[in-house]
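The block underneath contains the structure these notes are about, expressed in structure tokens.
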Amino acid sequence: MVNKQLINPKSIVVVGGSNDTSKPGGKVLKNLVDGGFKGHIYVTNLKESEVQGIKSYSNPADLPEVDMAIIAIAARFVPDTVEILAKQKNTRAFIVLSAGFSEESEEGAKLEEKLVNIVNSVNGSLIGPNCVGILTPNHTSVFTYPIPKLTEKGCDFISGSGATACFIMEAGIPKGLTFSNVFSVGNSAQMGVEEILKYMDETFDPVKSSKIKLLYIENIAKPQMLLKHASSLIRKGCMIAAVKAGSSDAGSRAASSHTGALASPDVAVDALFRKAGIVRCYGREDLIAVASVFMHPKLKGKNIAIITHAGGPAVMLTDALSNGGLNIPHIDSPESKELLEKLFPGSSVANPVDFLATGTAEQLGIIIDYVDNKFDEIDGMVVIFGTPGLFPVYDVYSLLDQKMRESKKPIYPVLPSVLTAQKEIDSFIEKGRVIFPDEVTLGEALARVYHTPAPKPPKTELPEVDTEKIRSIISKCDNGYILPDAVQGLLDAAGIPRAGEAVVNRLDDAVEAANKMGYPVVMKVVGPVHKSDVGGVVLNVKNADSVKEEFLRMMDIKDTTAILLQPMLSGTELFAGAKYEENFGHMVLCGMGGIFIEVLKDVSSRLAPLDMEEALDMIRALKSYKIIQGVRGQKGINEKVFAEILVRLSALLEAAPEIIELDLNPLLGKEDNVVAVDARINILKS
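To get this note's numbering, take the position in the sequence shown, counting from 1, and add 13.
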């Protein structure tokens, strides 16, 4: 719980304050004083009567009442000290810088639990332990540098790692990135990234609050809280970018289905961010670049003009933007020919607009005006302007600042001469500008921001399913993979189309079922997990004699309990599935079947529940989507029916949350229909 004592305390005590500013207790005290904290500052130190000119108390029990405590003492002394402050001094906010808690040992974890219990008993706020502190406009309670000048127009930054927070600010500030509030949550013993974001959502002021939120997360402990409040903030006009570290597949569990193998925890993170509208980043520079894009006016279309006096960077930027799905349209119009006449011979206005190394500030201004006012097809522009150092470029950057204020279209400045033109760039940044030193980093960030979807509505309308029948079937099933007749019943109750089928364990019944369906038929074993691997799938069985022969052979396969018969159908193989990921909920996946899932792993995923728009987005995000559309004379697949199956699958999961893994593989798709041919469902009842 974030309280007013944490955000705007009237008094602060530094427990373990020191005259030695190379120690956390000394540095945080110095930063508080240098930051101009307007309230009372107290210090406790066992050995000193005065610390940095402030009276020191040897015993916390001798302190007056104090709103907030910053604690920098050995971990074993922290709980008892916090208890004195909470119970005797009415302290309600605690920032514990000290390490030695759950991150270190089992004994430390017990200390941390005791600490949290004490703070919770007085409805207090706890940041940390094992953190660098927090920065708000009211107090600079960190023991690290840098300490940026805070502004309402800057970024709110919440980090699970104090060192990473420092490194991101170190790299961002020289580019002009500014900050509003910075929270380092450390071990997140009471409050993590999710709780801080929740507070920012619940206290959001559309006039005063920052509209840019940056997150560095190592563990998403409460994904539903993150989803709820991130999407709420974005709907209120905010932009959020996040790095989720620890995304490798090294620790993934063994899975018994295609879906289980494909739906790793990191896939769940992607699905969560997409549903919330969060721009996912993959490193510090990536996060800084996306934040810098956020600090410019929003790009409203895909068409970019590149304005440059250097050909190489323009080529690399063109590649980055094109690879990211943005357009650099060819410009050829009477207005472009008119513009060319105003530039030096040898210039090009085809896009990129190259006005040569000899181009002037005046020419740059003319180009920007033409792009802004006369090239209607252009939605935004990137200006690349460095210098060989022959003369100062203050005039260019001053004009660029002016045009950025006047332009109706966003202008993104790539200023690569960070050493040669350092003074000029510093002057540009002092005007409140944010720069991009590297054009490719900008191009990739701009594309990712543009293509990140808006958050989904908090309530998803699902199609009606036979919930009563679904609950009845689930109640009769045991944990694990359920029998084919139960699978068929669940699919029918959810309205998911499937091939007709029969499950038999007697030879005569197999022949009767095949005769009734009509030949050819498909025969599959029931029981073994991977049917094909054990010779448990036979296609194109054309007559009763072949049915008898295959039935007898297949029933001898280990673990086989019955044989499934289906009519032999044709179509393009598709895949749909679901997986429950702890805390996140159900993920729905889809893709092409056959080699595409076995080898290429071309799948899309979303968090349930899904609406039709999300389902269609999933399908259209597949690398193999052109096959679904139809290619080289081959007819396409009815993607609306495919999408409806995904939505109905989502509704089935809502009615039967006990499903932990589900495979529809394959589905067979044609231009008029999509039908489930094989399905497996694994359930786990609590």
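Note that CB positions come from ideal geometry on N, CA and C, so glycine has one too.
Predicted, not measured: the structure shown is a model, and the values here were computed from it.
Residue from G649, L503, I640 and G531 with nearest C-alpha to D676
Position 663 of the sequence shown, counting from 1, holds the residue named residue 676. Checked all of G649, L503, I640 and G531; the closest Cα to D676 is L503.
Identify, in the order they occur along the chain, each residue of the same chain with its Cβ nearer than 8 Å to the Cβ of K571, setting aside the five sequence neighbours on each side.
Here residue 571 refers to the residue found at position 558 of the sequence shown. Close CB contacts of K571 within its chain, under the 8 Å cut and outside five residues either way in sequence, are with P541 and V547 (chain order).
Less than 9 Å between the C-beta atoms of S111 and G137, yes or no?
Your numbering for residue 111 matches position 98 in the sequence shown. Your numbering for residue 137 matches position 124 in the sequence shown. If you check the CB distance, S111 and G137 do not come in under 9 Å.
Within the same chain, show all residues whose beta-carbon is closer than 8 Å to that of S35, passing over the 5 residues directly before and after it, in chain order.
Position 22 of the sequence shown, counted from the start, is the residue given in the question as residue 35. If we look at S35 and ignore the five residues flanking it on each side, it has no Cβ neighbours.
Count the C-beta pairs between the region 97-106 and the region 51-69 that are closer than 8 Å, then say yes if the count reaches three, no if not.
With a cut-off of 8 Å on Cβ pairs, the region 97-106 is not in contact with the region 51-69, counting fewer than three such pairs.
For S193, I'd like the list of residues in its chain whose CB is within less than 7 Å of its CB, leaving aside the five on either flank, ordered along the chain.
Counting from one through the sequence shown, the residue named residue 193 turns up at place 180. Result list for S193: L163, T164, E165, G167, C168, D169 and S223, in chain order.
How far does the alpha helix (DSSP H) with C179 in it extend, from its first residue to its last?
As a working note, residue 179 is residue 166 in the sequence shown. Residues G175 to G185.
For S530 versus V550, is the C-beta distance shorter than 9 Å?
Residue 530 sits at position 517 when you count from the first residue of the sequence shown. Residue 550 sits at position 537 when you count from the first residue of the sequence shown. In the sequence on display, residue 530 carries Met and not Ser. In this structure, M530 sits away from V550, with a CB-CB distance that is not shorter than 9 Å.
Determine the extent of the beta strand (DSSP E) in which H599 is found, giving its start and end residues.
Within the sequence shown, the letter at position 586 stands for residue 599. H599 -> beta strand (DSSP E) spans G598 to M605.
Using 8 Å as the cut-off, can you tell me whether the region 636-656 makes contact with the region 485-496, which would need three or more C-beta pairs spanning the two stretches below that distance?
Taking a contact to require three or more Cβ pairs closer than 8 Å, the region 636-656 and the region 485-496 do not qualify as touching.
Between which two residues does the alpha helix (DSSP H) containing D439 stretch?
By one-based count along the sequence shown, residue 439 stands at place 426. Per DSSP, D439 belongs to the alpha helix (DSSP H) from Q435 to E443.
Distance, A460 Cα to S244 Cα
Within the sequence shown, the letter at position 231 stands for residue 244. Within the sequence shown, the letter at position 447 stands for residue 460. Cα atoms of S244 and A460: separation of roughly 20 Å, rounded to the nearest angstrom.
At the level of alpha carbons, what is the spacing between E351 and L412?
Mapped onto the sequence shown, residue 351 falls at position 338. Mapped onto the sequence shown, residue 412 falls at position 399. E351 and L412: Cα-Cα distance of roughly 22 Å.
Simplified DSSP state of N340, which is helix, strand or coil
Here residue 340 refers to the residue found at position 327 of the sequence shown. DSSP places N340 in strand when its eight states are reduced to three.
G378 lies in the beta strand (DSSP E); which residues open and close that run?
Against the sequence shown, residue 378 aligns to sequence position 365. Taken as a continuous stretch (DSSP letters only), G378 belongs to no beta strand (DSSP E), being part of the alpha helix (DSSP H) at A374 to N386.
State the DSSP-derived secondary structure class of R293, mapped to helix, strand or coil.
Residue numbering aside, residue 293 sits at position 280 when the sequence shown is read from its first letter. R293 carries a strand assignment under DSSP once its states are collapsed to helix, strand and coil.
What would DSSP say about K188, mapped onto helix, strand or coil?
By one-based count along the sequence shown, residue 188 stands at place 175. K188 falls in the helix class under three-state DSSP.
Ignore the nearest five residues each way along the sequence and tell me which others in K211's own chain have a CB closer than 7 Å to its CB.
For this step, residue 211 is matched to residue 198 along the sequence shown. Correct list, in chain order: M238 and H242.
Exposed or buried, what is S154 when buried is set at 16 or more other beta-carbons lying within 10 Å of its beta-carbon?
Here residue 154 refers to the residue found at position 141 of the sequence shown. By the 10 Å Cβ count, S154 comes out buried.
Is the beta carbon of S174 sitting closer than 9 Å to the one on M81?
Against the sequence shown, residue 174 aligns to sequence position 161. Against the sequence shown, residue 81 aligns to sequence position 68. No, they are not a contact pair.
Identify, in the order they occur along the chain, each residue of the same chain with its Cβ nearer than 8 Å to the Cβ of T573, setting aside the five sequence neighbours on each side.
Counted from its first residue, the sequence shown places residue 573 at position 560. These residues qualify, in order along the chain: V538, V539, G540, P541, G549 and M567.
Taking the C-alpha atoms as reference points, what is the distance between I317 and P365?
Here residue 317 corresponds to residue number 304 of the sequence shown, with the count starting at 1. Here residue 365 corresponds to residue number 352 of the sequence shown, with the count starting at 1. Cα-Cα distance, rounded: 9 Å.
If you drop the 5 nearest sequence neighbours on each side, which residues of the same chain put their C-beta closer than 8 Å to that of F180?
In the sequence shown, counting from the first residue as 1, residue 180 sits at position 167. If the five residues before and after F180 are omitted, its C-beta is found closer than 8 Å to the C-beta atoms of R297, all from its own chain and listed in chain order.
Return the chain-ordered list of same chain residues with a C-beta closer than 6 Å to the C-beta of G402, the five sequence neighbours on each side being excluded.
Here residue 402 corresponds to residue number 389 of the sequence shown, with the count starting at 1. Cβ neighbours of G402 within its own chain (closer than 6 Å, five residues either side excluded): T433.
Could you check if L587 is buried or exposed, using at least 16 other CB atoms within 10 Å of its CB as the buried criterion?
Counted from its first residue, the sequence shown places residue 587 at position 574. Looking at its Cβ environment, which holds 16 or more other Cβ atoms inside 10 Å, L587 is buried.
Report yes or no: do three or more beta-carbon pairs, one from the region 417-430 and one from the region 333-349, lie closer than 8 Å?
These segments do not touch.
Look up N695 in the DSSP assignment and say whether it is helix, strand or coil.
Start at 1 with the first residue of the sequence shown, and residue 695 comes out as number 682. Strand.
C294 versus A284: straight-line alpha-carbon distance, rounded
The residue given as residue 294 occupies position 281 in the sequence shown. The residue given as residue 284 occupies position 271 in the sequence shown. About 14 Å.
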